[in-house]
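Following: one structure in structure tokens, then a few remarks.
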Amino acid sequence: PHGKVTKVCCIGAGYVGGPTSAVMANKNPDLQVTVVDLSIKRIEAWKSDQLPIYEPGLLDAVKLARDGDGGRKPNLFFSTDVDTAVREAELILVSVNTPTKITGTGAGRASELSYFESAVRTIAEVATTDKIIVEKSTVPCRTAENMREILSAIGHPGVNFEILSNPEFLAEGTAIPDLMEPDRILIGSLNTAAGLSAAAALADVYAAWVPRENIITMNTFSSELAKLAANALLAQRISSINALSAVCEATGADIEEVSYAVGLDTRIGRKMLKASVGFGGSCFKKDVLSLAYISETLHLPEVAAYWRSVVDINEYQKDRFTKRIIQCLFNSLKNKKIAILGFAYKKDTGDTRESAAITVVESLVAEDAKLSIYDPRVEEEQVWSDLKQTHIGLPKMKENVTLCSSVYDACADSHAVIILTEWDDTSSGMPRMDWAHVASVMRRPMFVFDGRNVVDKSKLEDLGFRVECIGKPGSASFRERGSVPSGRKSSQEGSPV
Ligand code: UDX
Ligand code: UDX
Ligand code: ADP
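Residue numbering for the sequence shown follows the UniProt record's numbering, starting at 49 and increasing by one per position.
Rendered as structure tokens:
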């Protein structure tokens with residue numbers, strides 16, 4: 049049986065590994081947690097006060113465990129010495145990236161497991177004592193089974209490995225509260241004495257702060273599939289509401305009113321029903337496509353097509369939004385200056401992976417628009433690296449795109465303002481935006497395209513803006529009909545801008 053865990057090693061110091069380890073160390077002062085990564089730059093950043101990722105509350109959580117405080121001894125360490133940390137730990141969390149494959153079989157759909165496999169191979173090669181290996185990264189169903197095969201083939205004789213699935217459900221921007229008070233901790237294991245005992249050892253680590261009844265156990269396959277299923281169902285809700293937003297725009301219904309009304313049904317619930325320019329982030333598209341690909345390999349083409357449609361609607365939503373912009377701007381964007389507010393895939397993160405902004409910018413630059421982008425958290429270097437990977441390429445992007453350090457610089461002289469991220473914290477500059485001032489520096493006619501439904505539409509219309517929101521008829525069409533909607537408050541909290 050597995051005894052009490054005293055040392056944990058987390059392989060992968062990214063969006064999942066970093067915050068998870070910080071909270072685990074915080075809540076278990078007697079546990080030694082070492083986070084390792086191949087990237088020297090990333091590890092150095094974790095040791096400094098300029099963490100490699102932005103996440104509200106993260107720096108405080110890291111500092112407390114990493115630097116110690118008063119009676120508290122430091123118990124969170126960052127290192128590039130993967131082998132030593134692996135050798136010493138009884139429990140190893142694997143939280144490396146598992147992006148979508150870019151070449152070979154399943155390219156563009158299947159998950160790339162090479163980083164994951166390479167981490168597992170490292171463990172097998174250096175481990176001289178028994179290890180509990182925890183899949184934290186999101187992986188296709190049956191990965192644990194495959195890894196068991198590798199471990200038994202190359203592990204040192206006499207060393208026992210137990211593989212658990214323990215998917216992470218945190219969302220970026222709310223990682224710390226999500227980790228502190230998770231809806232559930234899910235642990236999948238083999239239904240053998242050794243498997244159950246490993247699961248119990250991991251459960252004990254979480255029990256330091258998570259109520260026992262919220263720590264659930266099941267077989268490894270179910271646990272792996274549950275993570276994909278959770279992301280697929282969340283993404284599906286957004287695609288469903290976005291598909292309905294298209295119907296709203298065509299009929300005069302208001303998606304926020306529809307969302308409010310359906311969300312009150314407790315069977316449906318209010319969350320993840322906010323219509324937008326489209327979902328982004330490193331997980332939704334990747335995991336839905338992975339689920340579709342798995343279904344295909346299991347000879348379930350109808351199931352694969354069903355899930356793929358969730359991603360198709362998301363692409364359609366982004367495309368619909370840009371087409372609307374082009375049409376409203378009289379079908380010609382050539383040399384028109386347009387402000388892009390927000391480049392991250394959601395607020396409170398500097399992450400841009402799969403951000404709708406990348407697609408929108410690509411389509412607008414293809415029309416030869418001149419864009420000025422403002423985002424309070426995204427590094428300039430990151431924006432260029434994302435734009436470089438589009439079909440347009442860096443030279444033309446550099447010619448057409450300017451990165452601005454203030455909202456007003458971005459808006460000056462522009463024909464239109466496009467909101468792509470729902471930034472609302474006070475440091476971002478966007479919520480306190482002085483729209484009267486923006487109006488005084490823009491060209492006429494002035495357009496606002498709100499991809500997040502955060503502006504006060506009637507207030508902006510009073511200032512002379514023509515406002516186009518998601519899932520609502522545009523200003524002009526209502527003017528034509530001579531009826532302005534009452535703009536009743538909807539289900540979604542806060543209209544910060
Ligand atoms: C439904 C809506 O629930 C109700 O709000 C609306 O006014 C009318 O349509 P109803 O069709 O009477 O009501 O029953 P419901 O309990 O929703 O079940 C509909 C079907 O879905 C049934 O065949 C039921 O067996 C099935 N179902 C329901 C499932 O297969 N799984 C579920 O989790 C729930
Ligand atoms: C998601 C899951 O929420 C999390 O449980 C999982 O572990 C990882 O994937 P994340 O991608 O960080 O987390 O953020 P999330 O808040 O789910 O948002 C994803 C995307 O959907 C964002 O682009 C967001 O703007 C968009 N979104 C979200 C909507 O468009 N409408 C909504 O109602 C909610
Ligand atoms: P996620 O969003 O899933 O946390 P990230 O890309 O933010 O993904 O982080 C994954 C981290 O894992 C990266 O910093 C990467 O350098 C690291 N990594 C990948 N493979 C290995 C490996 N074999 N050993 C150590 N670190 C690894």
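Every residue, glycine too, gets a C-beta built ideally from N, C-alpha and C.
- Message: I need the boundaries of the alpha helix (DSSP H) containing Tyr254, first residue and last residue.
- Response: 241–254
- Message: Quick check: what's the CA-CA separation for Ile263 versus Pro49?
- Response: 20 angstroms
- Query: Applying the criterion that 16 or more other CB atoms from any shown protein chain within 10 Å of the CB defines a buried residue, is Arg157 buried or exposed?
  - Reply: buried
- Item | Buried versus exposed, by CB contacts within 10 Å (16 or more), Pro533 | The predicted model places Pro533 with a pLDDT of 45, which falls under 50 and marks its position as unreliable; any figure quoted below should be read in that light. With fewer than 16 other Cβ atoms within 10 Å, it is exposed.
- Query: Mind checking Ser287: buried by the 16 CB within 10 Å criterion, or exposed?
  - Reply: It counts as buried.
- Item | Cβ-heavy atom distance, Met320 to ligand 2, below 6 angstroms | yes
- Start-end ranges of the beta strand (DSSP E) lying completely within the region 474–525, minimum 3 residues: 495–498, 514–517
- Query: With a Cβ-Cβ cutoff of 7 angstroms, do Lys384 and His463 count as a contact?
  - Reply: yes
- Message: Following a CB-centred definition, is Ser62 positioned closer than 6 angstroms to any heavy atom of ligand 3?
- Response: Looking at the sequence itself, residue 62 is Gly, so the reference to Ser does not match. Answer for Gly62: yes, Cβ within range of ligand 3.
- Residue of Thr146, Phe164, Val168, Asn145 minimising C-alpha distance to Arg135: Val168
- Any idea if Leu250 is buried or exposed, counting beta-carbon neighbours within 10 angstroms, 16 or more meaning buried? buried
- Query: Should Ala167 be counted as a contact of ligand 3 given a C-beta to heavy atom distance under 6 angstroms?
  - Reply: yes
- Would the beta-carbon of Ile235 be found less than 6 angstroms away from any heavy atom of ligand 2? no
- Which residues in the same chain as Asn257 place their Cβ atom closer than 6 angstroms to its Cβ, once the five residues preceding and following it in sequence are excluded? In the sequence as displayed, the identity of residue 257 is Trp instead of Asn. Within the same chain, Trp257 has close Cβ partners Lys75.
- Message: What residue range does the alpha helix (DSSP H) around Ala61 cover?
- Response: Run containing Ala61: none; DSSP gives neither H nor E here.
- What number of angstroms, rounded off, separates the C-alpha of Gly65 from the C-alpha of Ile140? Those two C-alpha atoms are separated by around 11 angstroms.
- Three-way DSSP call (helix, strand, coil) for Gly236 in this model: Here Gly236 sits in strand by DSSP.
- Sorry if obvious, but does the Cβ on Glu220 come closer than 6 angstroms to a heavy atom of ligand 2? yes
- Task: Could you tell me which residues DSSP puts in a beta bridge with Thr450?
- Result: Its beta-bridge partners are Ser420.
- Per-residue burial, Ser213 [other beta carbons within 10 Å of its own, 16 or more giving buried]: buried
- Query: Any heavy atom of ligand 2 closer than 6 angstroms to the CB of Phe217?
  - Reply: yes
- Query: Is Asn239 near ligand 3, with its Cβ less than 6 angstroms from a heavy atom?
  - Reply: Answer for Asn239: no, Cβ out of range of ligand 3.
- Message: Between the alpha carbons of Ile303 and Met266, how many angstroms are there, rounded?
- Response: 39 angstroms
- Message: Here's a check: name, in chain order, each residue in its chain whose Cβ is nearer than 7 angstroms to the Cβ of Ser87, leaving out the five neighbours to either side.
- Response: none
- Task: Tell me whether the beta-carbon of Val449 lies closer than 7 angstroms to the beta-carbon of Leu419.
- Result: yes
- Just reading off the beta strand (DSSP E) that Ala387 is part of, what are its end residues? Counting along the chain, the beta strand (DSSP E) containing Ala387 begins and ends at 385–389.
- Nearest-angstrom beta carbon gap, Thr177 and Val207 [assumed within contact, 8 angstroms]: 7 angstroms
- Task: Please determine if the region 294–301 and the region 511–525 are in contact, where contact requires at least 3 C-beta pairs separated by less than 8 angstroms.
- Result: With a cut-off of 8 angstroms, the region 511–525 and the region 294–301 count as touching, because enough Cβ pairs lie within range.
- Message: Give me the residue from Glu160, Thr314, Leu346 with the minimum Cα distance to Thr151.
- Response: Glu160
- Query: Any heavy atom of ligand 4 closer than 6 angstroms to the Cβ of Val144?
  - Reply: Ligand 4 is not among the ligands present in this structure, which contains only ligand 1, ligand 2 and ligand 3.
- Based on Cα-Cα distance, which residue from Ser330, Val351, Leu292 lies nearest to Tyr364? Nearest to Tyr364 by C-alpha distance, out of Ser330, Val351, Leu292, is Leu292.
- Query: Taking just the CA atoms, how far does Tyr341 sit from Lys149?
  - Reply: 11 angstroms
- Message: By the DSSP assignment, the beta strand (DSSP E) with Lys179 in it spans what residues?
- Response: Note, Lys179: beta strand (DSSP E), 179–183.
- Item | Cβ neighbour criterion (16 or more within 10 Å) applied to Leu508 | buried
- Item | Backbone CA spacing between Leu282 and Pro205 [nearest angstrom] | 43 angstroms
- Identify which residue in Ala73, Gly105, Val174 has its Cα closest to the Cα of Phe126. The candidate whose alpha carbon is nearest that of Phe126 is Ala73.
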